[in-house]
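Peer 1:
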Amino acid sequence: MPAKNFASTRYSELTEITPENVKNLRVAFTFSVGVNRGQESSPLVVGSTMYVLSPYPNILYALDLAKPGAPLKWQYNPKPEAAAQGVACCDVVNRGPTYADGHLFFNTLDGTVVSVDAATGQEAWKSKVGNINVGETMTMAPLVARGKVFVGNAGGEMGVRGWFQALDQQSGKVVWKAFNTGPDKDVLIGSDFKPFYDSDKGQDLGVKSWPPNAWEQGGGTVWGWLSYDPDLNLVYHGTGNPGPWNADQRPGDNKWTSGIFARDADTGQARWFYQWSPHDLYDWDGINEQVLLDMTWNGQPRKVLVRPERNGYVYILDRTSGEVLSAKPFHPITTTRGVDLKTGRLQYIPEKKPHVGKVMRDICPNASGAKDWSPSAYSPRTGFLYLPHANLCMDVEHMEANYIAGTPYLGSETRMRAGPGGHRGVYTAWDVAGERAAWSIKEAFPVWSGTLVTAGDVTFYGTMDGWFKAVHARTGEILWQFKTGSGIIGQPTTYRGPDGRQHVAILSGVGGWPGVVVSADLDPRDGTGALGFLNAMRDLKDVTTKGGMLYDFALP
Amino acid sequence: MTRRIFRLALAVLALSACQREDRTARPSPVGLESREEVALVVLSPGESQPTVRTSGKAKEFEGNAYHLSQGKKLFTWFNCSGCHAQGGGGMGPALIDDRWIYGGSIENIVQTIREGRPNGMPSFRGRIPDDQIWELAAYVRAMSGNAPSSAAPSRSDSMHPHPAENRTSPSPPVSGGIVPPSGQMPQ
Numbered sequence: 001m002p003a004k005n006f007a008s009t010r011y012s013e014l015t016e017i018t019p020e021n022v023k024n025l026r027v028a029f030t031f032s033v034g035v036n037r038g039q040e041s042s043p044l045v046v047g048s049t050m051y052v053l054s055p056y057p058n059i060l061y062a063l064d065l066a067k068p069g070a071p072l073k074w075q076y077n078p079k080p081e082a083a084a085q086g087v088a089c090c091d092v093v094n095r096g097p098t099y100a101d102g103h104l105f106f107n108t109l110d111g112t113v114v115s116v117d118a119a120t121g122q123e124a125w126k127s128k129v130g131n132i133n134v135g136e137t138m139t140m141a142p143l144v145a146r147g148k149v150f151v152g153n154a155g156g157e158m159g160v161r162g163w164f165q166a167l168d169q170q171s172g173k174v175v176w177k178a179f180n181t182g183p184d185k186d187v188l189i190g191s192d193f194k195p196f197y198d199s200d201k202g203q204d205l206g207v208k209s210w211p212p213n214a215w216e217q218g219g220g221t222v223w224g225w226l227s228y229d230p231d232l233n234l235v236y237h238g239t240g241n242p243g244p245w246n247a248d249q250r251p252g253d254n255k256w257t258s259g260i261f262a263r264d265a266d267t268g269q270a271r272w273f274y275q276w277s278p279h280d281l282y283d284w285d286g287i288n289e290q291v292l293l294d295m296t297w298n299g300q301p302r303k304v305l306v307r308p309e310r311n312g313y314v315y316i317l318d319r320t321s322g323e324v325l326s327a328k329p330f331h332p333i334t335t336t337r338g339v340d341l342k343t344g345r346l347q348y349i350p351e352k353k354p355h356v357g358k359v360m361r362d363i364c365p366n367a368s369g370a371k372d373w374s375p376s377a378y379s380p381r382t383g384f385l386y387l388p389h390a391n392l393c394m395d396v397e398h399m400e401a402n403y404i405a406g407t408p409y410l411g412s413e414t415r416m417r418a419g420p421g422g423h424r425g426v427y428t429a430w431d432v433a434g435e436r437a438a439w440s441i442k443e444a445f446p447v448w449s450g451t452l453v454t455a456g457d458v459t460f461y462g463t464m465d466g467w468f469k470a471v472h473a474r475t476g477e478i479l480w481q482f483k484t485g486s487g488i489i490g491q492p493t494t495y496r497g498p499d500g501r502q503h504v505a506i507l508s509g510v511g512g513w514p515g516v517v518v519s520a521d522l523d524p525r526d527g528t529g530a531l532g533f534l535n536a537m538r539d540l541k542d543v544t545t546k547g548g549m550l551y552d553f554a555l556p
Numbered sequence: 001m002t003r004r005i006f007r008l009a010l011a012v013l014a015l016s017a018c019q020r021e022d023r024t025a026r027p028s029p030v031g032l033e034s035r036e037e038v039a040l041v042v043l044s045p046g047e048s049q050p051t052v053r054t055s056g057k058a059k060e061f062e063g064n065a066y067h068l069s070q071g072k073k074l075f076t077w078f079n080c081s082g083c084h085a086q087g088g089g090g091m092g093p094a095l096i097d098d099r100w101i102y103g104g105s106i107e108n109i110v111q112t113i114r115e116g117r118p119n120g121m122p123s124f125r126g127r128i129p130d131d132q133i134w135e136l137a138a139y140v141r142a143m144s145g146n147a148p149s150s151a152a153p154s155r156s157d158s159m160h161p162h163p164a165e166n167r168t169s170p171s172p173p174v175s176g177g178i179v180p181p182s183g184q185m186p187q
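Listed below in structure tokens is the structure:
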């Protein structure tokens, strides 16, 4: 799976590549995915085969690692509906396939879950679960556990109603489906539901924390990362932003958006919920990764969940109960004062609330957040969480949003820019137990790639201007870098190949929300383009072009 | 003498303003739509140009300040701006640039809005009355400076991301535009 394990640590036990020899890395092979859009996916290696998934049209390739040059074994083309491209908010990306029991599972942009035989490339089943006519797409990487494929929808900018569902791994049939807004019975909230904080207790909050019927277009999608704890049999998933962006149109806490659910993997019944950003004002989807760790907290062993959140805080939650143990900022913040650990509530600064007809300036972090989907990695050797993230602020003006199914439901205009210091990206090593940054590396552009860390104490990440970098996991020293053909927003993978060597692979091809200016040829004269990201990314066209190329490196 | 010149100038001004603001009091009902027989390419076998027959409706809308400002308002109302922003693009392509995938004439644009386009431009037939589609199309052309500056909208309610349409320098349509991903689909 792209996240390496159920706990989503992206930590590899491989030790062949070290801080001393990483400078000798050489290209072992390359492969063009044939699609020049944002490559957010992660190459996946199972045995001696590498699987690579393209952005829309979501073609899956199998490469034979046992042969020189890793030639193509087969390709599978699910032929998704082309119109899906028009309702994908932020480039036509896909965050990866996942593997289990001889099959690959992935989502297509038009809302179909696919299972493909890993050996032959034959389609095992296809299950249509999303509807592009109401603006639903799918971009997340599924997670497979307990014989089920867990998937969620995207489309929080289109007024969709967010859901999360489990399909039977063998047949693709829906086992259960939970909505993230609306009445308790739809949300799968029942007698098992024991949220930690009072603000999440009560009947049908998914209806009552909204103006009448607003929950029907309320968002709360699941387009990010999932984790699973086999001992507790709980699957963890975040929920996306509420719709529309204009928050004046939805007074209330807007449950269960911009939060996190722990659900029973077999029944989908919610166990607990915590809301990162109640009544979200800034498009802060709560869908980032949750890294499951067992650590000592105030002298007690605790099962925790670490979440670097879009609102700018690294949270440590008790993953059995949903209690917030810590929430410390990792990004300049002008919008909130911190998290009240008694009530669990994020403390908004009321003066920073955007309004209709007035430009609210200097909102930090911006809409894409201190950190967006780009997954972090945790090394038990250093105790650091390696965070690829941004340094961005924005100006916002609201207007009335008009709901037309299948079109954007925003009511907001945004213009983003670099945060304090002028750099737009940061790669931070976060000391989890120490609750602070150990070191960080500034980057000109938002760091939109994922990362990984190895037992050899080397981490890897990529930049939007195309550099693939190896960093010393302890010191933050850049040990090696290689310029790929296009900007990097993908997730690196490391593996031991059939040649016995440790390899590192990454997809190069700029895009995603900040990179769509290049991948879809947007016009940088309009700062509100790409939902306001264009304003911050005008110069990206000067440093990179589109791409779609896999690079695989190994020591000579 | 100077007085006569002045009066004449006034009359000319008034007349031109009239045309600038010209509009029919009773627009055509929702059901009716104009017929535009336009091509998406400059090639036609054995001809120097493809055969094109337009309804002539363009004349009512192009260069008409009232229709252009209505078009600008509708561009937000129908959530065009959600996908195309203020023309820089996002989910949909940029509209302030000079490149057109499906043609940059007002008739082409009317058809784009009415029929939709395969890579995700919704079809608005039956959702937007015909005359409003024309207003939108005229405004879309104004976004890339393809409307007289005397008639193009001169201010924006938005965050002023770029100069208003009447100060946008004209960029005549170039055919081609981006290659949509489906056009690059392997196999």
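Protein chains in written order, with full-length UniProt numbering: chain A, 1 to 556; chain B, 1 to 187.
Ideal placement from N, C-alpha and C gives every residue a C-beta, glycine not left out.
Note that the structure is predicted; figures quoted are calculated from it, not measured.
1. If you draw a straight line from the alpha carbon of V38 of chain B to that of R117 of chain B, how long is it in whole angstroms?
2. Can a CB atom of chain A be found closer than 7 Å to the CB of A137 of chain B?
3. Determine the DSSP secondary structure at H503 of chain A, reduced to helix, strand or coil.
4. DSSP on residue 575 of chain A, reduced to helix/strand/coil?
5. Please classify Q122 of chain A as buried or exposed, where buried requires at least 16 neighbouring CB atoms within 10 angstroms.
6. Classify R35 of chain B as helix, strand or coil using the three-state DSSP reduction.
7. DSSP three-state call for G34 of chain A: helix, strand or coil?
8. Counting only the same chain and skipping the five closest in sequence on each side, list residues whose C-beta sits under 6 Å from that of M360 of chain A.
9. Under the assumption that G509 of chain A contacts G547 of chain A (Cβ atoms under 8 Å), give the Cβ distance between them as a whole number of angstroms.
10. How many angstroms separate the CA atom of Y61 of chain A from the CA atom of G259 of chain A?
11. Considering Cα atoms alone, identify which of A:G421, A:R525 and A:T320 is closest to residue 576 of chain A.
12. Opposite M121 of chain B in the DSSP bridges: which residues?
13. Skipping 5 residues on each side, what residues in its chain have a beta carbon closer than 6 Å to that of G104 of chain B?
14. Assuming residue 589 of chain A contacts L452 of chain A (C-beta within less than 8 Å), just tell me the rounded distance between them.
15. At which residues does the alpha helix (DSSP H) containing W77 of chain B begin and terminate?
16. With a threshold of 16 other CB atoms inside 10 Å of the CB of A9 of chain B, please say whether the residue is buried or exposed.
17. Pull the bridge partners of G56 of chain B from the DSSP assignment, please.
18. Would you give the residue range spanned by the beta strand (DSSP E) that H398 of chain A belongs to?
19. Our contact map puts D192 of chain A next to G206 of chain A with C-beta atoms below 8 Å; I'd like the distance itself, whole angstroms only.
20. CA-CA distance, W448 of chain A and N133 of chain A?
21. Can you list, in chain order, the residues of its chain whose CB lies under 6 Å from that of N402 of chain A, leaving out five sequence neighbours each side?
22. Would you identify the three-state DSSP class for W373 of chain A, choosing helix, strand or coil?
23. Give the list of continuous beta strand (DSSP E) stretches no shorter than 3 residues that lie fully inside the stretch 204–278 of chain A.
24. With a threshold of 16 other CB atoms inside 10 Å of the CB of residue 563 of chain A, please say whether the residue is buried or exposed.
25. According to a CB-to-CB cut-off of less than 7 Å, which residues of the stretch 406–427 of chain A neighbour chain B?
26. Less than 7 Å between C-beta atoms, sequence neighbours within five positions excluded: which residues of the same chain meet that for L550 of chain A?
27. Would you say the stretch 528–536 of chain A touches the stretch 411–425 of chain A, given that touching needs at least three Cβ pairs under 8 Å?
28. How about A429 of chain A: is its C-beta nearer than 7 Å to some C-beta of chain B?
29. Can you find a CB in chain B that lies within less than 7 Å of the CB of I404 of chain A?
30. Going along chain A in order, which residues have a C-beta closer than 8 Å to the C-beta of W134 of chain B?
31. Is there a Cβ from chain A that is less than 7 Å from the Cβ of N130 of chain B?
32. Would a C-beta distance cut-off of 7 Å place I109 of chain B and S144 of chain B closer than the cut-off?
33. What did DSSP end up calling L531 of chain A once you bin it into helix, strand or coil?
34. Can you tell me which of the three DSSP states T428 of chain A falls into?
35. What residue range is occupied by the uninterrupted alpha helix (DSSP H) comprising V140 of chain B?
36. Which residues does DSSP list as the beta-bridge partners of Q165 of chain A?
Peer 2: Based on what the coordinates show:
1. Counted from its first residue, the second sequence places residue 38 of chain B at position 38. Counted from its first residue, the second sequence places residue 117 of chain B at position 117. Taking the straight line joining both Cα atoms gives about 15 Å.
2. Within the second sequence, numbered from 1, the residue matching residue 137 of chain B stands at position 137. Taking Cβ atoms only, chain A never reaches closer than 7 Å to A137 of chain B, which makes this a no.
3. In the first sequence, residue 503 of chain A corresponds to position 503, counting from 1. Under the three-state reduction of DSSP, H503 of chain A is assigned to strand.
4. For chain A, the structure presents residues 1 to 556; residue 575 of chain A sits outside this window and is missing.
5. Translated into positions along the first sequence, residue 122 of chain A becomes position 122. Label assigned to Q122 of chain A: exposed.
6. Here residue 35 of chain B refers to the residue found at position 35 of the second sequence. In this structure, R35 of chain B counts as coil in the three-state DSSP scheme.
7. What you label residue 34 of chain A is simply residue 34 of the first sequence in a count that begins at 1. Three-state result, G34 of chain A: coil.
8. Your numbering for residue 360 of chain A matches position 360 in the first sequence. Excluding residues within five positions, the ones whose Cβ falls inside 6 Å are P354 and V396.
9. Taking the first sequence and counting its residues from 1, one reaches residue 509 of chain A at position 509. Taking the first sequence and counting its residues from 1, one reaches residue 547 of chain A at position 547. Contact check for G509 of chain A and G547 of chain A: beta-carbon distance about 4 Å, within the 8 Å limit, so the pair qualifies.
10. In the first sequence, the residue the question calls residue 61 of chain A occupies position 61. In the first sequence, the residue the question calls residue 259 of chain A occupies position 259. Looking at the two C-alpha atoms, the distance is approximately 35 Å.
11. Outside the shown range of chain A (1 to 556) lies residue 576 of chain A, about which nothing can therefore be said.
12. Translated into the one-based positions of the second sequence, residue 121 of chain B becomes position 121. Residue pairing by DSSP puts M121 of chain B in a beta bridge opposite B:R117.
13. As a position in the second sequence, residue 104 of chain B is number 104, starting the count at 1. Taken in chain order, the residues that qualify are P173.
14. Here chain A has residues from 1 to 556 only, and residue 589 of chain A is not among them.
15. Mapped onto the second sequence, residue 77 of chain B falls at position 77. Here the alpha helix (DSSP H) through W77 of chain B covers A65 to W77.
16. Within the second sequence, the letter at position 9 stands for residue 9 of chain B. Any reading at A9 of chain B must be qualified, since the residue scores a pLDDT of 48, below 50, and its modelled position is unreliable; no value is offered.
17. Position 56 of the second sequence holds residue 56 of chain B. Partner residues in a beta bridge of G56 of chain B, as assigned by DSSP, do not exist.
18. Within the first sequence, numbered from 1, the residue matching residue 398 of chain A stands at position 398. That run of the beta strand (DSSP E) goes L392 to H398.
19. Here the question's residue 192 of chain A lines up with position 192 in the first sequence. Here the question's residue 206 of chain A lines up with position 206 in the first sequence. With a Cβ gap of about 16 Å, D192 of chain A and G206 of chain A do not count as contacting.
20. As a position in the first sequence, residue 448 of chain A is number 448, starting the count at 1. As a position in the first sequence, residue 133 of chain A is number 133, starting the count at 1. Spanning the two alpha carbons is a distance of roughly 29 Å.
21. Working through the first sequence from its first residue, we reach residue 402 of chain A at position 402. Taking N402 of chain A as the centre and dropping the five residues before and after it, the same chain places no C-beta closer than 6 Å to its C-beta.
22. Along the first sequence, read from residue 1 onward, the residue named residue 373 of chain A stands at position 373. Here DSSP, grouped into helix, strand and coil, assigns W373 of chain A to coil.
23. For the stretch 204–278 of chain A, whole beta strand (DSSP E) runs of length 3 or above, ordered along the chain, are 226–229, 234–238, 259–264 and 270–275.
24. Examination of residue 563 of chain A is not possible in this model, given that chain A is present from 1 through 556 alone.
25. Within the stretch 406–427 of chain A, the qualifying residues are G406, T407, P408, L410, E413 and R415.
26. Working through the first sequence from its first residue, we reach residue 550 of chain A at position 550. Result list for L550 of chain A: T30, F31, V33, P43, V52, A505 and L507, in chain order.
27. Put simply, the stretch 528–536 of chain A touches the stretch 411–425 of chain A. At least three CB pairs are less than 8 Å apart.
28. In the first sequence, the residue the question calls residue 429 of chain A occupies position 429. Under the 7 Å criterion on CB atoms, A429 of chain A is classed as non-interfacial with respect to chain B.
29. Taking the first sequence and counting its residues from 1, the one referred to as residue 404 of chain A is at position 404. With 7 Å as the cut-off, I404 of chain A counts as an interface residue toward chain B.
30. Along the second sequence, one-based indexing puts residue 134 of chain B at 134. W134 of chain B does not reach chain A, its nearest Cβ partner there being about 20 Å away, counting only Cβ pairs nearer than 8 Å.
31. Position 130 of the second sequence, counted from the first residue, corresponds to residue 130 of chain B. Sequence inspection shows Asp at residue 130 of chain B; the Asn mentioned does not correspond to that position. No, D130 of chain B lies away from the interface with chain A (no Cβ there is under 7 Å from its Cβ).
32. On the second sequence, residue 109 of chain B is found 109 positions in, with the first residue counted as 1. On the second sequence, residue 144 of chain B is found 144 positions in, with the first residue counted as 1. Taking C-beta atoms as the reference points, I109 of chain B and S144 of chain B fail to come closer than 7 Å.
33. The residue labelled residue 531 of chain A in the question sits at position 531 within the first sequence. Looking at L531 of chain A - three-state DSSP - the assignment turns out to be helix.
34. Position 428 of the first sequence, counted from the start, is the residue given in the question as residue 428 of chain A. Note: T428 of chain A maps to strand in three-state DSSP.
35. Residue numbering aside, residue 140 of chain B sits at position 140 when the second sequence is read from its first letter. DSSP places V140 of chain B inside the alpha helix (DSSP H), whose first and last residues are D130 to M143.
36. For the purposes of this step, residue 165 of chain A is taken as the residue at position 165 of the first sequence. Paired residue(s): A:V151 and A:K177.
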